[in-house]
Each structure stands twice: as structure tokens, then as C-alpha cells.
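Protein chains: 2
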Amino acid sequence: MTVKTKNSARLRDEERARLIWLLTTDKAIISTLLGKLTLAEQYDVGTLADDIAEVGVLVAHLPPPDLADTLEALPSDERHALWSLVESARRGNVLLEASENVWDDLIDGMSDQELIDALQYLDIDEQIYLVHHLPRNLTGQLLATLPPDERERVRQVMRYEKNRVGALMEFGVITVRPDVTLQAVQRYLRRLGKMPHNTDKLFVTGRDKTLMGELTLTSILLNDVQSKVSEVMDDDPLTFSPEDIAENAARTFERDNLVSAAVVDASGKLMGRLTVDDIVDVVYEETDSDLRRMGGLSAEEDVFAPVAKAVKTRWAWLAVNLCTAFIASRVIDGFEHTISRLVALASLMPIVAGIGGNTGNQTITMIVRALALQKIQPGNLSFLILREMGVALVNGLVWGGIMGGVTWWLYEDRALGGVMTLAMVLNLLVAALMGVLIPMTMVKLGRDPAVGSSVMITAITDTGGFFIFLGLATLFLL
Amino acid sequence: MTVKTKNSARLRDEERARLIWLLTTDKAIISTLLGKLTLAEQYDVGTLADDIAEVGVLVAHLPPPDLADTLEALPSDERHALWSLVESARRGNVLLEASENVWDDLIDGMSDQELIDALQYLDIDEQIYLVHHLPRNLTGQLLATLPPDERERVRQVMRYEKNRVGALMEFGVITVRPDVTLQAVQRYLRRLGKMPHNTDKLFVTGRDKTLMGELTLTSILLNDVQSKVSEVMDDDPLTFSPEDIAENAARTFERDNLVSAAVVDASGKLMGRLTVDDIVDVVYEETDSDLRRMGGLSAEEDVFAPVAKAVKTRWAWLAVNLCTAFIASRVIDGFEHTISRLVALASLMPIVAGIGGNTGNQTITMIVRALALQKIQPGNLSFLILREMGVALVNGLVWGGIMGGVTWWLYEDRALGGVMTLAMVLNLLVAALMGVLIPMTMVKLGRDPAVGSSVMITAITDTGGFFIFLGLATLFLL
């Protein structure tokens with residue numbers, strides 16, 4: 001007799017960890033699963049067979065989202081081995097839950113037909129999403145599987161960019177008429193027999209599909225069954241347009257604690273709905289890619305991608321960084337004469353540059369986040385610049401003063417100490433000013449302020465720091 | 001006659017922007033609102049009165065979450081002026097939706113009694129949350145407002161740390177018995193007259209409060225009214241423990257597309273529930289603070305805090321940074337003799353350090369994110385280290401080779417070019433190795449891997465880069 005295991009979040013975490021452990025610690029499991037070795041060739045057949053059986057049980061037991069996360073946590077071979085164990089009926093769902101970084105790996109062993117077959121188990125909007133974004137062109141084949149009247153809708157949705165509400169919306173909505181009773185609604189629902197996932201409300205529409213209101217499941221249950229829909233519906237619901245930016249929609253969901261919301265076209269006709277599960281995905285992706293882009297890391301880099309792919313995704317930012325470092329190096333080279341007369345400058349200059357880089361990165365991180373959270377509006381820009389300059393001035397005087405004192409004491413040179421303090425104050429001011437101006441300018445130009453902002457500010461504070469410090473030294477110390 | 005405005009997400013965004021614009025562009029509005037000027041003292045009374053009236057209309061129209069966001073996007077004076085317009089009945093909700101960064105500002109003009117009064121409009125779990133985390137000790141006063149039997153529960157919840165499920169859970173749950181019919185459940189709900197927000201399911205419990213299953217609203221509506229609860233309930237629902245980490249719970253919500261879930265104690269008794277709106281907040285806060293901490297920015301820093309406060313929240317990391325820069329400076333100083341013989345080294349050394357810092361930051365960002373997303377398990381650590389070292393080796397050979405060539409050409413010194421290439425390869429390897437090891441070690445030590453990881457890796461690649469480059473130069477070029 002087995003004890004019934006409780007389905008707790010912690011148990012699932014443990015199962016995923018166990019699966020990863022099994023797949024990554026014994027190469028023989030992978031070789032066997034990938035068909036490179038037969039079971040008979042193994043020296044320790046008993047344990048291996050047990051382990052492989054356990055892998056099979058775990059794969060069968062874990063739901064698609066957990067499998068997707070497990071796949072993301074595996075190197076390429078192990079990923080293929082695990083994928084080979086996922087049955088076709090679940091592959092569509094796993095693909096949907098997996099991040100784009102691993103799509104390449106997962107689909108490269110599947111034929112177009114196998115992929116289209118795997119998609120058949122998904123809702124139509126999910127199929128469209130995958131077909132539209134998978135790194136393989138399957139649009140034609142998907143359209144061929146659809147009834148002709150659906151094709152136009154699919155083409156329409158495919159027009160929206162990935163970061164728009166239109167690309168995220170689901171078609172699965174239940175609509176009711178305003179003039180029926182709640183009892184009739186309940187009868188209708190029981191006849192339908194099921195509701196799309198995360199249905200917390202029905203949409204009330206007129207004959208021409210115009211959205212007239214929303215009827216929550218709660219209000220169906222709480223009100224008298226003889227009430228008319230129009231009496232208990234919310235007649236001024238919050239709606240989205242398919243052109244709205246997905247990230248902004250996510251903030252609205254967070255603000256209003258929404259579970260689902262209607263998407264309507266410009267004339268007020270119901271097109272579909274957004275649900276909170278898609279929104280949570282948007283939030284994770286958005287903040288994750290902000291973090292990556294600020295550090296000059298490609299949004300697509302997969303932590304388990306092979307070396308060749310990682311080199312390819314990173315080379316551009318490295319090249320940019322090398323160019324900026326080279327420029328800084330040329331600035332120093334211009335002061336070769338100064339340095340040769342006072343070698344101490346060579347050991348002090350990285351302090352000026354480093355402290356500027358630190359402050360610049362603090363400022364720019366804060367501004368990029370504030371922009372993402374829509375906290376910065378035209379009215380408060382000048383306040384921000386003045387505030388950051390003020391912080392930089394205070395820090396420059398305090399820490400620059402300390403470093404100036406230390407320099408004076410170390411090199412017994414008061415003028416050198418003074419140059420140190422002045423250079424630190426000036427470079428901190430540059431860092432603060434540019435830390436606000438760079439992201440704001442990029443927004444003005446319609447660019448993403450997070451992209452490589454850290455690389456840019458470091459370039460400026462390095463070059464600026466060297467120039468200011470060595471320039472002041474040339475003026476005052478020679 | 002006015003046209004009825006549609007309640008779209010975009011309209012609300014515009015209203016928030018307009019409110020911020022009004023409050024930040026005309027100082028006279030703020031002065032009048034804060035009572036520093038009377039309307040009569042104004043030179044342009046007509047416009048001002050109109051603007052103030054518009055501010056009032058916007059404040060009355062915007063819901064609490066939008067007001068919270070607006071407050072976060074304002075400097076201190078403007079924040080106080082706006083807060084003074086928010087009526088007491090809505091202040092609790094606004095506080096709840098506002099981030100901790102602005103709590104200080106908002107409550108500093110309110111007496112303890114005013115605060116407790118404002119809290120009375122909230123659910124008990126929301127009151128506890130605020131009282132527990134507001135920067136003022138109100139626990140005693142809150143307990144005094146509660147019936148004695150609630151006090152024990154409050155004390156119990158206050159034991160959980162902020163990042164635990166126990167601190168996030170809500171008490172507002174509807175429970176039903178397994179042996180009643182759906183019709184009885186519907187009658188019961190109608191008698192209750194309302195449900196807690198984001199109720200998508202009821203909890204089925206036995207007499208001792210043991211959770212036996214979950215009954216979704218959907219299943220109440222879809223099944224025959226004569227069905228017993230026990231026949232249609234989910235008898236193996238996913239549950240959380242109050243000790244679970246909130247961030248992990250958020251991943252589970254994302255994986256399973258949950259709207260709410262039960263929190264049960266070790267003996268399986270229902271304690272409360274988690275809802276997706278709290279989870280979305282957790283996700284935003286988590287990724288936001290990851291971003292801030294990596295850059296050595298305090299999680300509490302408010303983009304509109306006054307200069308003095310910003311200086312205080314940032315000084316620690318600046319001091320750390322200054323110390324590490326000072327150490328790097330001492331390393332260079334140790335090679336003063338080498339530099340004085342070959343001044344070109346002074347201009348080349350920042351390139352070696354900079355490229356190492358870039359690669360180290362890329363690696364560490366990726367590892368910290370992968371750790372947060374639970375993608376790294378003991379089984380795949382060695383793969384990761386080897387992969388990062390492989391990427392560093394390739395990049396080092398390619399870019400180090402190029403820079404070596406450029407150096408050779410610029411200074412017409414082949415040996416100097418060779419030292420450049422070798423130093424870049426070695427420093428990139430150091431950066432990659434430490435980029436993996438630093439966060440992994442911090443996790444082993446039970447620390448947050450994001451805290452200051454960027455500052456640490458930069459310190460290592462700077463010091464390491466200078467030491468490697470100048471050391472090699474001393475060995476081979478003198």
C-alpha cells in the first residue's frame with residue numbers, strides 16, 4: 001500500500017531537481033536514451049535500468065511547465081535525451097511554456113509535420129503564437145489545417161508585433177446577451193460543459209459583437225437567478241486595445257489585480273481577452289531581458305547553450321567594449337609625457353575612473369528602472385538631474401576628500417591630493433549627468449534605454465575620468 | 001451633454017501622466033495645496049483655480065493603485081501635496097499599493113491614530129501586512145482594535161519573514177463541506193452576498209479544518225446542481241506551506257497558471273490562501289531588487305528621494321568600491337618601476353582590465369539569473385564552468401589576438417603585443433571562472449548571489465588585469 005503523496009509546490013521542486021540530477025550525473029543514462037549505447041553494453045545494468053525507469057516516471061508525472069523548466073536547466077545532449085521522452089501530445093504545451101532560448105534545441109530533431117502534429121493539442125491562439133515565433137516557418141502548414149473562416153483571423157493576429165496585446169490575446173471567450181436571466185446563463189454554461197482556462201468573467205455583447213459589459217462568475221453565483229445580465233453586469237469594464245504595449249498592460253493588470261480583461265478594437269467590438277497567466281510571463285520576460293540587456297548580454301542567451309553559440313551571441317558587445325576601452329587607452333596615451341614625469345598618476349587614475357563607473361551605473365540602473373515603471377514624466381526630469389548631481393557632489397566632496405587626503409599622505413604631495421579630489425568630484429558629476437541623460441535620450445530617440453546602457457556609461461566615465469585626472473595633473477603638477 | 005468616456009487602460013495612463021504634469025510644472029499649485037500660499041496671493045488666479053480643480057477631479061477619479069503609482073513618480077513636496085488630497089477612506093488602499101520606498105514620506109505627516117483609522121478600511125491580512133512593515137511600530141494599537149480571538153492569529157502571521165508565503169497569505173477564504181450539493185453551495189454563496197477578491201475556488205474542508213479538496217467556481221457552474229461537492233472537487237490540489245519562499249511560490253504560480261492556492265500547515269489544516277495579485281507584486285519586486293542589488297544599489301532607494309537620503313543609501317557601496325579601486329591602485333603602484341621604463345603600459349592596462357570586467361559581468365549576470373530561475377542544480381555546475389571558460393578562451397584568443405596585433409602595430413613592439421594577447425586571455429579566463437564561482441559560493445554560504453556581485457567581479461578583474469598585465473610585462477619586457 002502506498003501513502004498518497006500530497007501535491008505540494010515543494011514536492012514538485014524536489015522532483016525537478018531529482019530529474020536534473022539523474023540526467024546530469026550519469027552520462028550512461030543520456031547515451032542510452034539517445035540510442036548511442038544499448039542497455040546490454042552497460043557495465044552496471046541494474047542501477048542504470050532503475051535510473052532510466054525513474055527518469056521515465058518523473059517525466060510522466062511532471063506537468064508540462066515543470067518539464068519546460070527542467071529542459072531549460074540542461075545542457076544540449078541532456079536536453080535532447082529528455083525531450084525524446086516527452087510524448088507528442090504534451091510537446092506542444094511544453095514548447096509553449098519553455099523560453100525561446102531552448103526552442104532551437106528542441107525542434108531541431110522534429111520534422112515540420114511532427115511539429116504541426118504536436119501543435120494540434122493546443123488552443124488556436126497558442127498554435128498561432130508558436131507558429132509565429134518558432135525559428136521555422138510553418139505558417140503555411142498551420143493555415144492549411146484550419147477551416148477557411150479561421151484563416152483570416154489568424155492572418156490578422158500575426159500582424160501584431162510580439163510586444164503588443166494583440167499578439168498575446170486569446171480567442172477563447174464566452175459571450176452572453178444582456179437581456180437574458182442568470183438562470184439562462186447557468187443553463188447555457190452547463191450545456192457548454194467547459195470554460196477556457198482562467199475564466200473569471202463572461203463578456204456581455206450586443207448582436208454586432210460590441211462589448212457592453214462584463215459578467216463575473218462571482219456575480220452569477222451571488223445574485224438572484226432571476227436577475228437579468230444587464231442588471232448585474234459591470235457596464236464600464238477596463239478594456240485593452242490590441243495595439244497596447246504588453247508591458248504596459250502588465251502594469252495595469254498589477255494595478256487592478258485583474259485575472260482577465262477584454263481586448264476590443266477601435267469600434268468597441270470584442271476581439272478576445274488577456275489573461276493573467278500570459279501577463280505573469282510578460283513580467284518575468286521583461287525584467288529578465290532588462291537585466292540582461294543592461295549588462296550587454298543578448299536577451300536570447302541560454303545559460304546552457306554550447307560554447308560556439310555563446311561566443312556568437314556575445315561578440316558584438318565585447319567588440320563595442322573593446323572599442324571604448326581602446327579610446328580610453330588613446331586618451332591616456334595622449335598624456336604619456338605627463339605620466340612619464342609622474343608615474344604615481346598611472347596608479348591613481350583607475351580610482352577616478354572606477355568610482356565614476358560605479359556612480360554612473362547606480363544612476364543609470366535607477367533611471368532605467370524608473371522609466372520601465374513609468375515613474376519618469378516630462379515634468380520631473382529637471383528635478384532628477386539636479387538630484388543626481390547633488391548626490392554626486394556630496395559623494396565627490398566626501399570620498400574625493402578622503403582619497404585626496406590619502407594621496408597627499410601616501411605621496412607626500414599636497415597638489416597631487418588636490419588634483420585627486422577635484423578629478424573625483426568632476427568625474428562623479430559627469431557620471432551622474434550622463435547616467436540620467438543617456439537613458440532619457442534613448443527614450444526620446446525611440447530606443448530601449450536598457451540596451452547596453454551599462455557599457456556606455458562605463459565608457460564615458462573611464463574616458464572622462466582619465467582625461468579629467470590627467471588633464472588636471474598636466475595643468476597643475478608639471 | 002458629455003460623451004461617456006471608455007474605461008481603457010490607455011485612458012488611465014493618460015490621466016496619471018496629466019496629474020503628474022499638473023503637479024510638477026506649476027510650483028504655485030503645490031504651494032497652494034500645501035497651504036503656503038492662499039489663492040488670493042496668486043498672480044494668475046483663474047488658471048490656477050482651474051488647474052487645482054482638475055487635480056481634484058483626477059485624484060477623485062483615479063483608483064488607489066494609480067494614485068500609488070503617481071505618488072511614486074513625484075518628488076517629496078509634490079508627493080505630500082497629492083497625499084493631502086487623498087481622503088482617509090482610500091489612504092489604506094493607496095499605502096498598500098505603494099512601494100515601501102514612499103511609505104516614509106506618506107506617513108510622516110500622519111499621527112498614529114490617523115494611520116490606524118486609515119487601515120480600518122482594509123482586510124485584516126492587509127492591515128497586518130502594513131502594520132508589520134510600515135516604518136512605525138503600530139502593532140499594539142492594531143491589536144487593541146481587534147477582537148481577542150483574532151489577536152493570536154495576527155501574532156502568528158507576524159512571525160513569518162516578509163519573503164515567506166506565510167506573510168503574504170490572506171485569511172479571506174470560503175470553505176464548504178464535501179457532503180453538500182452544489183445547489184446548497186449556491187444557496188450558501190448567495191446568503192454570504194460577497195466573495196473575497198480573486199476568488200476562483202472554494203476550499204473543501206473537514207470539521208477539523210483539514211483541507212480535503214478545492215471546488216472551482218467554474219465547476220459549480222458547469223456541473224449539475226444535484227452533484228455533491230466531493231464528486232466534482234479536485235481532491236489533490238496544489239498547496240503551499242507558510243514557510244515556502246515567496247519567490248519560489250511565484251514560479252509555481254507562473255508554471256501552473258494559478259489564480260489562487262491554499263496555504264496549509266504541516267498537519268494539512270487550511271490556514272489561508274495565496275492570490276495571483278500578491279504574486280505579481282512579488283515578481284515585480286523580486287526582479288527589480290535583483291537588478292538594483294547587482295549594481296550595488298540599495299533595494300530601498302526611491303528615485304525621487306531627496307539628496308540627503310540618496311547619499312545615505314548609496315554610501316556603503318561607494319566605500320566598498322573605493323576600497324577595491326584603492327587595492328587595484330596599490331597593485332599598479334607595485335609595478336611603478338616597470339611603468340617608468342615603459343610608459344605605454346599605463347595606457348594599455350585599462351584595456352585588459354576593462355575587457356575582463358565586461359566578460360565577468362556578462363557571466364555573473366547570467367549565473368545570477370539562472371540561479372533565480374532555479375536553472376542551476378548541483379549536477380550541471382561543472383558543465384557551466386567549463387562552458388564559460390571555453391567562451392572566455394575563444395574570445396580571449398580572438399579579441400586578445402586583435403588587440404595584440406594593434407599594439408604591435410602602434411608601438412612597433414612585437415613582445416608588447418604578445419604580452420597584451422596573453423594578458424587578455426588570462427584575465428578573461430579569470431573573469432569567467434570567478435563569474436561562475438562568486439555567485440555559486442554566495443549561495444553555498446546562504447547569501448543572496450545578486451548583492452553587489454557586479455562590484456565584486458569588477459574588483460577582481462581590475463586588480464587581476466593590472467597584476468597579470470604588468471606582471472607579464474615585468475617578466476618579458478624588461
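Protein sequences appear in the order of chains A and B.
To convert, note that position 370 of the first sequence is 370 in the UniProt record's numbering; the numbers rise steadily by one, no gaps.
To convert, note that position 57 of the second sequence is 57 in the UniProt record's numbering; the numbers rise steadily by one, no gaps.
Note that beta-carbon positions come from the ideal geometry of N, C-alpha and C, so glycine has one too.
Beta carbon proximity, residue i to chain C, threshold 9 angstroms
i	result
A/A17	Absent from the structure is chain C; the protein chains it does hold are A and B.
DSSP state of residue i mapped onto helix, strand, coil
i	result
A/M1	For A/M1, the pLDDT reaches just 29, beneath the cut-off of 50, and the residue's location in the model is therefore unreliable, although a value from the coordinates is still provided. Three-state DSSP puts A/M1 in coil, outside helix and strand.
A/L192	helix
B/I385	helix
residue 531 of chain B	Within the shown structure, residues of chain B are numbered from 1 to 478, placing residue 531 of chain B beyond reach of any answer.
B/A261	strand
residue 481 of chain A	Residue 481 of chain A falls outside the range modelled here, since chain A spans only 1 to 478, and no answer is possible.
A/S8	strand
A/I376	coil
A/F326	helix
B/K209	coil
B/F253	helix
Contact check, residue i vs residue j, beta carbons under 9 angstroms
i	j	result
B/D235	B/G213	yes
B/V430	B/I385	no
B/I364	B/I376	no
A/L122	A/N93	yes
A/L238	A/A261	yes
B/I107	B/L74	no
B/N198	A/N198	no
B/E285	B/S99	yes
A/I279	B/V55	no
B/V173	A/V259	no
A/V451	A/M442	yes
B/P64	B/E114	no
A/S222	B/L189	Before going further, note that residue 222 of chain A is Leu rather than Ser in the sequence given. In contact: A/L222 and B/L189 (Cβ atoms closer than 9 angstroms).
A/V86	A/L58	no
B/H80	B/G109	yes
A/S88	A/D117	yes
A/T24	B/N380	yes
B/G401	B/W409	no
A/L477	A/T338	yes
B/E161	B/R273	no
A/N358	B/L318	yes
Identified DSSP bridge partners for residue i
i	result
A/T175	A/F203
A/G46	DSSP, once it has assigned bridges, lists no residue as partnering A/G46.
B/L274	B/A261
B/D234	B/E214
A/T239	A/A262 and B/S8
Proximal residues to residue i (C-beta, below 8 angstroms), its chain only, five neighbours per side dropped
i	result
B/A328	A353, A459, D462, T463 and F466
A/M389	L429, A432 and L433
B/L211	F203, V204, T205, P237, T239, A262, V264, G268, K269 and L270
B/L62	R12, E15, R16, L19 and T70
7 angstroms Cβ shell around residue i - same chain, five flanking residues per side excluded
i	result
B/A246	N163, R164, V165, L168 and V282
B/Q374	R251
B/L146	V154
A/L422	L472
Sequence-distant residues of the same chain with beta carbon closer than 6 angstroms to residue i, five excluded per side
i	result
A/V3	In this prediction, A/V3 has a pLDDT of 33, which is less than 50 and means its spatial position is unreliable; nothing more can be read from the coordinates.
B/M294	A450, S453 and S454
Alpha helix (DSSP H) runs wholly inside the stretch 120-182 of chain A, at least 4 long, in chain order: Taking 4 residues as the minimum length, the alpha helix (DSSP H) runs contained wholly in the stretch 120-182 of chain A are 124-133, 139-145, 148-158 and 165-168, in order along the chain.
Runs of alpha helix (DSSP H) wholly within the stretch 419-459 of chain B (minimum 4 residues, chain order): none
Segments of 4+ residues assigned as alpha helix (DSSP H) that fall wholly inside the stretch 86-113 of chain B: 88-97 and 103-107
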